[in-house]
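One structure below.
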Amino acid sequence: MKIDIKSALEKRNMSQQQLADAIDVGKGYLSEIVNGKKKPSFDVLVRILEALDADISEIATTRPPIAVPGYAGAGDEVSLVDDYTKGNGMYKIQCPPQISPKGIVAVEIRGDSMEPAYSSGDIVLFSRDTHDGVPTEAIGRKVIAETSDGMIWLKYMKEGTEAGTFSLLSLNPTGRNLHNVHLKWAAPVRFHIPKDLVNKQ
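Using our numbering, the first residue of the sequence shown is number -9, and each one after it goes up by one.
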């Protein structure tokens, strides 16, 4: 949840200094809250609401949801077919507060090859440039990757033994490993949401 105090101040023709005085904080501290550089403590937030005679719904801004356009295989073979218009998908999820929604892509996991860390039905979030390729920071990490045959995988990625190839490895010992495969692109996993915490919209 983000706080938008600026609009509430303008509506009441109130200055930041007046609000700072009313809630007994320094203007510099309040300015950081107003500009989104600092989050207010619960106590300060209550004092702000009281001073503005406002409800939390007036100053709270919601983050845009993230569309889930398809699946990534973690054992199951999955091709990511995005038949949805930009911003839409099978369903949407709320963006976790720990990351910015800008440039984030979400996929649902199918299969059990990445258990116990990731289970079928979980959501993983990643970001990637519009350009294809494998960034060096993806090597040695859990990634979403597209192989040359168009399959989308959630795997642990290492460099292959042949030039220009990579190995996509499972965490589950019974899971399938892909060795010396060519990739169209790969992107490190940025965030993981277990399936029982996924709030579909």
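Even for Gly, the Cβ is constructed at its ideal location relative to N, Cα and C.
Sub-8 Å separation of residue i and residue j beta-carbons
i	j	result
P55	Q8	no
I(-7)	A62	no
A176	M147	yes
T137	L159	no
D192	A64	Any answer about residue 192 is impossible in this case: the structure gives the chain only from -9 up to 191.
R37	I94	no
G111	K190	no
One or two residues paired with residue i in a DSSP bridge
i	result
G101	Answer is none; G101 lacks a bridge partner.
Among the options, the one whose alpha carbon lies nearest that of residue i
i	options	result
A96	K82, Y108, P106	K82
V48	G123, D14, K(-4), P30	The sequence shown places Glu at residue 48, not Val. Checked all of G123, D14, K(-4), P30; the closest Cα to E48 is K(-4).
R131	T164, S109, F156	F156
Sequence-distant residues of the same chain with beta carbon closer than 6 Å to residue i, five excluded per side
i	result
L161	M104, A107
K28	E22
L168	L158
A12	A41
I183	I113
7 Å Cβ shell around residue i - same chain, five flanking residues per side excluded
i	result
V188	I83, I113
V68	Y61, A62, R100, M141, I142
K17	Q6, Q7, A10
I98	The residue asked about is misnamed: residue 98 is Glu in this sequence, not Ile. Excluding residues within five positions, the ones whose Cβ falls inside 7 Å are V58, Y61, G111, I113.
Uninterrupted beta strand (DSSP E) stretches inside the segment 99 to 184 (no shorter than 3 residues): 113 to 117, 132 to 137, 142 to 149, 156 to 159, 168 to 171, 173 to 183
Every unbroken alpha helix (DSSP H) inside the segment 8 to 64 [4 residues or more]: 17 to 24, 32 to 42, 46 to 49
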